[in-house]
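Read in this note's numbering, the sequence shown has 328 at position 326, and its numbers run on one by one without any break.
Quick reminder that beta carbons are idealized off the backbone N, C-alpha and C, glycines included.
Below: the structure, in structure tokens.
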Amino acid sequence: DLLEGRQTGLAYAVPNLASVNFNTTIAGIETADMILIVGSNVRWEAPLVNTRIRKAVKRGAKVYAVGPKVDLTYPVEWLGEDISTILRLSEELRNAFINAERPAMIVGGGALKIAGAQAWTLTVASRLKLVRGGWNGFNVLHMAAARMGGLMLGFAHDGGIFALAEKAPKLAFFLGADDVDFTRFEGSFKVYVGHHGEAGAAAADVVLPGAAYTEKNGTYVNLEGRVQRGERAVFPPGDAREDWAIFRALSDVLGHTLPFDSLEALRAAMAAEVPDLGREGLATYKWAFPRIEAPKPVGTIAYPIKDFYLTNPIARASDTMQRCSAELLHGQSFAEAAE
């Protein structure tokens with residue numbers, strides 16, 4: 003199936019869901035005593051996880067990192083900016099991780115976009131014995147809301163979105179996708195289903211107005227694999243509809259009616275296919291160290307988030323967030339009117 007949820011071009015393999023999950027859990031990372039961060043500005047990419055790491059440091063944990071130096075708000079020993087650094091850890095450091103009680107590794111998008119990085123971070127995790135009885139210290143840090151949910155549903159095309167684009171599909175649906183390189187789909191008829199009318203709507207041939215997360219009921223899976231339910235706060239404006247209703251109506255028009263006509267029926271079908279999505283709480287991912295053939299990774303890590311305040315269409319449409327970006331990140335000054 004031509005399904006893909008990783009808009010920005012990441013193409014890591016998904017041999018099993020645990021291999022791309024934040025297995026230590028958000029709460030669990032604060033109990034780690036040795037932490038290796040690879041290719042992640044955790045402070046910007048997952049502030050709550052960063053807060054937990056800070057709590058771990060206050061309890062005595064030591065943190066090491068591979069990537070460009072940034073202020074994570076706690077002491078870090080920076081090992082280098084090139085991803086190949088993970089293959090040259092000192093014997094002393096390797097032994098410290100092996101002998102630690104709860105060692106952990108966090109792999110971010112800055113690493114995963116480099117060829118071979120996924121395979122070799124898993125290899126290093128195995129050598130450092132990060133997974134042991136009652137403890138799984140291997141973690142992938144996703145930055146997109148519900149990325150794990152998409153992976154559970156199979157939205158991971160072999161080779162990623164770039165490989166999908168090379169198949170030159172005649173018709174392409176973009177569901178709330180605004181961070182895609184749409185030039186790769188120039189030959190496709192593009193249908194955008196979403197809200198806020200950003201890049202996806204601008205590139206589309208047809209726009210079908212959907213509902214924002216506040217305007218619909220939904221199932222979300224966070225980076226630790228925790229299934230959660232969101233409830234509608236307000237109704238979508240104008241002609242906008244919930245996403246499932248749009249595709250259900252389209253299926254009628256196209257003569258291939260989908261086998262559900264309510265959110266409850268859709269959820270039942272989803273749970274029948276992926277049982278973990280039918281219940282709230284941590285999903286049950288079976289751990290196994292996958293074998294992924296890949297060259298040794300080489301390349302300077304670059305963090306994917308360039309502006310903490312403008313990471314999504316809703317934030318970019320906000321005057322407040324635009325001002326936060328201009329003032330707090332870029333140093334612009336704003337005159338305040340006197341009362």
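- The straight-line gap separating the alpha-carbon atoms of Gln230 and Val276 is approximately 14 Å.
- Thr221: member of the beta strand (DSSP E) spanning 220-223, first to last residue.
- As computed with DSSP, Asn138 is found in a beta bridge with Val133.
- Per DSSP, the unbroken beta strand (DSSP E) holding Val40 starts and ends at 36-40.
- By the Cβ-count criterion, Thr286 is exposed, with fewer than 16 other Cβ atoms from all chains shown falling within 10 Å of its own Cβ.
- Membership of Leu114 in any beta strand (DSSP E) is not indicated; the residue belongs instead to the alpha helix (DSSP H) covering 111-114.
- For the pair Arg54 and Glu32, the CB atoms are nearer than the 8 Å cut-off.
- In this model, Phe24 and Phe140 are separated by some 7 Å (Cα to Cα).
- Cβ-Cβ distances below 7 Å link Arg234 to Glu217, Lys218, Asn219 in the same chain, with the five nearest sequence neighbours on each side left out; the list follows chain order.
- Unbroken beta strand (DSSP E) stretches of 3 residues or longer found wholly inside the segment 186-271: 191-196, 208-211, 220-223, 228-232, given in chain order.
- Between the segment 32-41 and the segment 182-197 there are fewer than three inter-stretch CB-CB distances shorter than 8 Å, so the stretches are not counted as touching.
- Glu103 is the residue among Met145, Pro299, Glu103 whose C-alpha sits nearest the C-alpha of Gly135.
- Leu177: member of the beta strand (DSSP E) spanning 173-177, first to last residue.
- If the five residues before and after Arg281 are omitted, its C-beta is found closer than 7 Å to the C-beta atoms of Val229, all from its own chain and listed in chain order.
- CA-to-CA, the gap between Ala15 and Leu330 works out to about 37 Å.
- In this structure the segment 92-101 lies against the segment 126-134, because at least three pairs of beta carbons, one per stretch, are closer than 8 Å.
- Between Pro297 and the set Leu89, Ala20, Gly62, the nearest pair of CA atoms involves Leu89.
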